[in-house]
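Q: Protein sequences, first through last, are from chains A and B.
For the first sequence, the positions run 888 to 1415 when the numbering used here is used.
For the second sequence, the positions run 268 to 526 when the numbering used here is used.
I have a structure here, written as structure tokens, and I will follow up with some questions on it.
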Amino acid sequence: MRFSGLLGWMCAAVLSAQPVTFDRIVNSKAEPQNWLTYWGDYGAQRYRDLKQIDTSNVKNLRVEWIFQTGQSGAFETVPLVVDGIMYFTAANGFAYSVDARSGRQLWQFKYPLPEGVKLCCGTVNRGLAILGDRLFMVTPDAHVLALEARTGRLIWNREMASTDQSYGATLAPVVVKDKVIVGVSGGEFGIRGFVDAYDAKSGERAWRFYTVPAKGEPGGETWLADSWKRGGGATWMTGTYDPKLNLLYWGVGNPGPDLFGEVRKGDNLYTAGLVALDADTGKLKWHFQFTPHDTHDWDGCETPMVLDIKWKGRDRKVLAQANRNAFFYLLDRETGEFLMAKSFARQNWATEIDPKGRPVLSRNAEPSPEGNRVCPGLAGAANWMPPSYNPETGWFYFPVREQCDVFFSAPPVYVEGKAYWGSMFRGQTEEKEWGLLKALDPLTGETKWDFRYYKAPWAGTVATSGGLIFSGDEDGYFMAFDAKTGKNLWKINTGNRLVTAPITYTVGGRQYVTMPSGSALLTFALPN
Amino acid sequence: MDKTVRKLLLVFIPAALCAQSSFDQGRALFRSNCAFCHGMTATGGRGPNLVSASLSHGDTDASIKRVIRIGVPGTTMPAFSEFTDEEVGQVIQYLRSLSKSAARKETVPGNAPHGKQVYEEKDCSGCHRIAGQGSIFGPELTRIGGARSIEYLRDSIVKPSADVPEGYEGVTVVLKNGQRIRGLRINEDTFSIQLRDPGQQTRMFQKDELMELTHEKDSMMPAYDRLSAADLQDLVAYLATLRGAVDSSAAIKKARGIK
């Protein structure tokens, strides 16, 4: 025990001398002790070959340390762990570095948000990216920052777009080669969304891809008149990446105004869809639209997971996504070809998805002056909470929200800087919501097991070779499940709703599991 | 460039169109935020009638605005503090358009003093509390006359299962020894449930200790559907007089917002 601890310490000490390179991130699964990107790996499988904590001993898991940020607001960060050091963000522009074994702080950074600045989307933040000795984060007022990893010192600061036009940012950036790739929030405020790439060294913008094409550009014909100018299409969640194809996969948010489609007749490309971009140039390789002409705020921003699977007897490179619209999709990630869609939650808006992947719409599922009850509700049957994949079971593990809303419509007037919903939904209904943790076979879309939560969840999952799935519910329970059976093996009431996904890592040969709750970062381990 | 064009457009939007849009916005705001309690036509339901009954907190624009903005502490009327002045104005305008033709009635038919006798004869205080008197098992009635429409009060007596307010949902649990316990759900999560039993005792369980857990569809209140028409009318008249002060420090559960 002592010996392995010493060995681990030596390994950690040696590794800490190595900067985080693009190659290391590409091969992140080869270093399961670390968590090098928001997703843990470029493909967002969120699987770790760590088995010190397993199905037989997880019942002994206990709190190892707690870091209190004292920050109010949803704590949606996913920490990075690099060779024993943890980096994470909190709401209100904070970033921290701590000893991943003890939770003791190394430094703290606070972004000086300009006074009186109007924020579209609150001050929530989902985390950092790392390359070399630099960390990258976005700010509530839509800036991108580079920080020195050892000190938290600000190196550069670039504005993506103006808060006057209601742009904001909440996501964790992703680094590809020498570029920092980011997206924006503000889809409820009539923005025109984009994905940006910045040179990691200089901070200069390398490319921009608009998710809403202008009149005259390909796709521009899918927008009525000049509605594209405030067409939404926010890019508020981190994309995934395939290093072999050099393609970035980025989810695109709802069209604006959210719930009133009359003023933007057409399919409204590329909103409520997914774009595949060349990571060097930002050029569009292909696109797929899950919900053409969306009127229910069903962003396409859910995790586009990269999987290599045998599909109908053939090795296929696919993307798997549990979409907000209640369908699970498989797409060919080289071409964007639609392979399969299967509903995983109650839905009444589509009678089917046709062989090309286009939904066939039900009647009475549009927002109306009298209100129409639609499942899933505005928040969707899935949302940004990351799923995970266990290669041993071959299953996809994700939280499901069972909740419906009554959607009303009213013609909107666009006023710059103001919400541009174009109607409302009833935030109060007779119907009880509930949730599931679901294990699904991505080859068929069939459920392998469900674990029922009392409320619709907002927490993602992580999978380990210890046969475990960790996740959390809306009541604040952080839990471990048997990946094969769905049996709940361990739980702790953390005292606050869980609104991000857990990670697992090791330091000195000891495995840890970390989950934010409230304003506390909780880290668990087996007793020494 | 974009900005200038948009500003010009806004200036030239005809005034009539703005008025219509404002009415539509008020209607949509009302239907999506208020109708759940006050009814689609604002004639009341779980919440009071806003069209033809007298408004407990005054019917000037300023007093309605105040109620919308800060809610009614101690009741189920939440604060809509995120509404802009313009939006509150639109809701009030829409309410005014609904109540234009309806005269406000100050009186409720029936003999309220006799209704009070009916209340006592039927032992309503065995479950309900008025001004500190009675049981905490069922909903507090101290201010029920100001909080509910007449129709809702009548329905609550004869068909209590038609609408069971949050916090008063009945639950039956069966313990592993076969013991059955019924109660009102105080709280519940994925792994535990907390109840109040008819003896006003708090009962708390882990779900894995239970053999069975049933969420009752029906109200735990018996239906008083055999009251004479006169007794029922008098009882409703009595309940309608109950407009006492409530503990304004009580927490209000706000409707879920947009996520």
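Heads up, the beta-carbon is just placed ideally off N, CA and C, and yes, glycines get one too.
Please read all numbers here as calculations on a predicted model, not as lab measurements.
Could you tell me the distance, in whole angstroms, from the CA atom of residue 301 of chain B to the CA atom of residue 1013 of chain A?
A: The sequence position of residue 301 of chain B within the second sequence is 34, counting from 1. The sequence position of residue 1013 of chain A within the first sequence is 126, counting from 1. Roughly 34 angstroms between the two C-alpha positions.
Q: Decide if residue 327 of chain B is buried, meaning its Cβ has at least 16 other Cβ atoms within 10 Å, or exposed.
A: In the second sequence, the residue the question calls residue 327 of chain B occupies position 60. Residue 327 of chain B comes out exposed.
Q: State the Cα-Cα distance for the pair residue 325 of chain B and residue 1119 of chain A, rounded to the nearest angstrom.
A: As a first step, residue 325 of chain B must be located in the second sequence, where it is residue number 58. As a first step, residue 1119 of chain A must be located in the first sequence, where it is residue number 232. Each residue's Cα considered, the two are about 42 angstroms apart.
Q: How should residue 1166 of chain A be labelled, buried or exposed, when 16 other C-beta atoms within 10 angstroms of its C-beta is the threshold for buried?
A: On the first sequence, residue 1166 of chain A is found 279 positions in, with the first residue counted as 1. Buried is the call here.
Q: In this structure, does DSSP put residue 501 of chain B in helix, strand or coil?
A: Residue numbering aside, residue 501 of chain B sits at position 234 when the second sequence is read from its first letter. In this structure, residue 501 of chain B counts as helix in the three-state DSSP scheme.
Q: Under 7 angstroms Cβ to Cβ from residue 507 of chain B, same chain only, skipping five residues before and after it: list those, please.
A: Counting from 1 along the second sequence, the entry for residue 507 of chain B is found at position 240. Cβ within range, chain order: 375, 412, 417, 420.
Q: Using C-beta distances below 7 angstroms, list every residue in its chain close to residue 434 of chain B, excluding the 5 sequence neighbours before and after it, in chain order.
A: Within the second sequence, the letter at position 167 stands for residue 434 of chain B. Correct list: empty, nothing qualifies.
Q: For a contact meaning CB atoms closer than 8 angstroms, what does residue 1295 of chain A contact in chain B?
A: As a working mapping, residue 1295 of chain A is identified with position 408 in the first sequence. Ordered by position in chain B, the residues that pass the 8 angstroms Cβ test against residue 1295 of chain A are 295, 298, 299.
Q: Can you tell me the Cα-Cα spacing of residue 1368 of chain A and residue 1051 of chain A, whole angstroms?
A: Here residue 1368 of chain A is taken as the residue at index 481 of the first sequence, counted from 1. Here residue 1051 of chain A is taken as the residue at index 164 of the first sequence, counted from 1. So the alpha carbons of these two residues sit roughly 46 angstroms apart.
Q: Could you give the first and the last residue of the continuous alpha helix (DSSP H) run that contains residue 388 of chain B?
A: Translated into the one-based positions of the second sequence, residue 388 of chain B becomes position 121. Where residue 388 of chain B is concerned, the enclosing alpha helix (DSSP H) stretches over 379-388.
Q: What number of angstroms, rounded off, separates the C-alpha of residue 279 of chain B from the C-alpha of residue 1117 of chain A?
A: Counting from 1 along the second sequence, the entry for residue 279 of chain B is found at position 12. Counting from 1 along the first sequence, the entry for residue 1117 of chain A is found at position 230. The pLDDT assigned to residue 279 of chain B is 38, lower than 50, so where the model puts this residue is not dependable, and the model offers no usable value.
Q: Under the three-state reduction of DSSP, which class applies to residue 1266 of chain A: helix, strand or coil?
A: Within the first sequence, residue 1266 of chain A is the residue found at index 379, counting from 1. Reduced to three states, the DSSP call for residue 1266 of chain A is coil.
Q: Just checking my contact of residue 852 of chain A with residue 1213 of chain A at CB under 8 angstroms: how many whole Å lie between their CB atoms?
A: Summary: the structure shown does not reach residue 852 of chain A, with chain A confined to residues 888 through 1415, and so no result is reported for it.
Q: Which partner residues of residue 940 of chain A appear in the DSSP bridge assignment?
A: Taking the first residue of the first sequence as 1, we reach residue 940 of chain A at position 53. BP columns for residue 940 of chain A are empty, so no partner.
Q: Within 7 angstroms (strictly less), CB to CB, does residue 439 of chain B reach chain A?
A: As a position in the second sequence, residue 439 of chain B is number 172, starting the count at 1. Judged by the 7 angstroms Cβ criterion, residue 439 of chain B is not in contact with chain A.
Q: From the beta carbon of residue 292 of chain B, is the nearest beta carbon of chain A less than 7 angstroms away?
A: Within the second sequence, the letter at position 25 stands for residue 292 of chain B. With 7 angstroms as the cut-off, residue 292 of chain B counts as an interface residue toward chain A.
Q: Sorted by chain position, which residues of the same chain lie with C-beta nearer than 8 angstroms to residue 275 of chain B's C-beta, five sequence neighbours on each side aside?
A: The residue you call residue 275 of chain B lines up with position 8 of the second sequence. Unreliable placement is indicated for residue 275 of chain B, whose pLDDT of 36 sits below 50; the coordinate value is still reported in the next sentence. Within the same chain, residue 275 of chain B has no close Cβ partners at all.
Q: Does residue 1204 of chain A come out as helix, strand or coil in the three-state DSSP assignment?
A: On the first sequence, position 317 is the one that residue 1204 of chain A refers to. Looking at residue 1204 of chain A - three-state DSSP - the assignment turns out to be strand.
Q: What does residue 457 of chain B touch in chain A if you count any residue whose Cβ is under 7 angstroms from its own?
A: The residue given as residue 457 of chain B occupies position 190 in the second sequence. Here the neighbours are 1340, 1341, 1360, 1362, 1364.
Q: Using a Cβ cut-off of 7 angstroms, pull out every chain B residue sitting near residue 1300 of chain A, in sequence order please.
A: Mapped onto the first sequence, residue 1300 of chain A falls at position 413. Simply 288.
Q: Express the C-alpha separation of residue 1404 of chain A and residue 1020 of chain A in angstroms, rounding to a whole number.
A: On the first sequence, residue 1020 of chain A is found 133 positions in, with the first residue counted as 1. On the first sequence, residue 1404 of chain A is found 517 positions in, with the first residue counted as 1. Their backbone Cα atoms lie some 28 angstroms apart in a straight line.
Q: Which same chain residues end up closer than 8 angstroms to residue 1139 of chain A when comparing Cβ atoms and leaving out the 5 residues on each side of it in sequence?
A: Your numbering for residue 1139 of chain A matches position 252 in the first sequence. The answer, listed in chain order, is 1080, 1098, 1120, 1121, 1122, 1157, 1158, 1159, 1160, 1161, 1162, 1186, 1187, 1188.
Q: Got a sec, what are the start and stop residues for the alpha helix (DSSP H) residue 418 of chain B sits in?
A: Along the second sequence, read from residue 1 onward, the residue named residue 418 of chain B stands at position 151. Note, residue 418 of chain B: alpha helix (DSSP H), 417-425.
Q: Less than 7 angstroms between C-beta atoms, sequence neighbours within five positions excluded: which residues of the same chain meet that for residue 1005 of chain A?
A: Residue mapping note: residue 1005 of chain A aligns to position 118 of the first sequence, counting from 1. If we look at residue 1005 of chain A and ignore the five residues flanking it on each side, its Cβ neighbours are 1050, 1304.
Q: What do you get for residue 331 of chain B, buried or exposed, if any count of 16 or more other CB atoms within 10 angstroms of its CB means buried?
A: Taking the first residue of the second sequence as position 1, residue 331 of chain B is located at position 64. By the neighbour-count rule (16 or more Cβ atoms within 10 Å), residue 331 of chain B is buried.
Q: Could you give the DSSP three-state label for residue 404 of chain B: helix, strand or coil?
A: Here residue 404 of chain B refers to the residue found at position 137 of the second sequence. Note: residue 404 of chain B maps to coil in three-state DSSP.
Q: Can you check whether the CB of residue 348 of chain B is closer than 7 angstroms to the CB of residue 333 of chain B?
A: The count along the second sequence starts at 1 and reaches residue 333 of chain B at position 66. The count along the second sequence starts at 1 and reaches residue 348 of chain B at position 81. No. Outside cutoff.
Q: Give a yes or no on whether the C-beta atoms belonging to residue 965 of chain A and residue 1388 of chain A are separated by under 7 angstroms.
A: In the first sequence, counting from the first residue as 1, residue 965 of chain A sits at position 78. In the first sequence, counting from the first residue as 1, residue 1388 of chain A sits at position 501. Cβ distance < 7 angstroms, so residue 965 of chain A and residue 1388 of chain A count as in contact.
Q: Leaving out the 5 sequence neighbours to the left and right, which residues in its chain are closer than 6 angstroms to residue 474 of chain B when beta-carbon positions are compared?
A: For the purposes of this step, residue 474 of chain B is identified with residue 207 of the second sequence, where counting begins at 1. Here the set comprises 458.
Q: Could you list which residues in chain B have their beta carbon closer than 9 angstroms to that of residue 1258 of chain A, in chain order?
A: Along the first sequence, one-based indexing puts residue 1258 of chain A at 371. By Cβ distance, chain B contributes 298, 299, 302, 307.
Q: Assuming residue 1086 of chain A and residue 1113 of chain A form a contact by the criterion Cβ under 8 angstroms, report the distance between their Cβ atoms to the nearest whole angstrom.
A: Against the first sequence, residue 1086 of chain A aligns to sequence position 199. Against the first sequence, residue 1113 of chain A aligns to sequence position 226. 33 angstroms between Cβ atoms; not a contact.
Q: Anything in chain B within Cβ reach of residue 1374 of chain A, meaning under 9 angstroms, just list it in chain order.
A: Here residue 1374 of chain A is taken as the residue at index 487 of the first sequence, counted from 1. Simply none; closest approach about 12 angstroms.
Q: For residue 1068 of chain A, does the count of other Cβ atoms within 10 angstroms reach 16, so buried, or fall short, so exposed?
A: What you label residue 1068 of chain A is simply residue 181 of the first sequence in a count that begins at 1. That one is buried.
Q: Per DSSP, which one or two residues make a beta bridge with residue 1392 of chain A?
A: Sequence index remark: in the first sequence, residue 1392 of chain A carries index 505 (1-based). Paired residues: A/1399.
Q: In this structure, does DSSP put residue 361 of chain B in helix, strand or coil?
A: Your numbering for residue 361 of chain B matches position 94 in the second sequence. Residue 361 of chain B falls in the helix class under three-state DSSP.
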